[in-house]
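S.K.: Below: one structure in structure tokens.
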Amino acid sequence: MWKSSKGFTLVEVLGALVIWMVIASVLLPGLVRMNQERKGFILDQQARFLLTMELEEIRTGAKLFEDNMVNRNGTTYSLTLVEETVPPVLCVSYVNYKSLEEERCIYVHLP
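Just so we're aligned, residue 10 is where the sequence shown starts under the working numbering, counting upward by one.
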């Protein structure tokens, strides 16, 4: 009577479950790291966008630059202009997804 049964045994089901758990444990850290790096890329992209917008305002003479802080999507970006260097440097600093201070700078050619 038991020999004609065509279902899975408990050992086969547990073996398949173990295989799926091993696959998930190998893939999950990589997926988490990819998600964190994507967030870091978005933060860097936003910082570069802020630099570009501020640089355009400086070049067009729409306003005089003053150091300021901008809050975008929960991240605080600090914009500074270092005029002691030749040419002057416009910098933005922020805290990245690893809680480390990042700084991006571009040269400013004043009109």
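No residue lacks a Cβ here, since even glycine has one placed at the ideal position from N, Cα and C.
(1) Sorted by chain position, which residues of the same chain lie with C-beta nearer than 8 angstroms to Leu59's C-beta, five sequence neighbours on each side aside?
(2) Smallest Cα separation from Asp76: which of Gln55, Val98, Thr84 and Gly83?
(3) Compute the distance between the beta-carbons of Leu73 and Val117, then report whether it is under 8 angstroms.
(4) For the beta strand (DSSP E) that Val79 lies in, which residues bound it at each end?
(5) Check each candidate in Leu37, Pro38, Lys48 and Trp29 and name the one with the smallest Cα separation from Lys107.
(6) How is Val95 classed by DSSP in three states: helix, strand or coil?
(7) So who's on the other strand from Glu66, going by DSSP bridges?
M.R.: In brief:
(1) Val79, Arg81, Tyr86, Leu88 and Val101
(2) Val98
(3) no
(4) Asn77 to Arg81
(5) Lys48
(6) Collapsing the DSSP output to three states places Val95 in coil.
(7) Its beta-bridge partners do not exist; DSSP assigns none.
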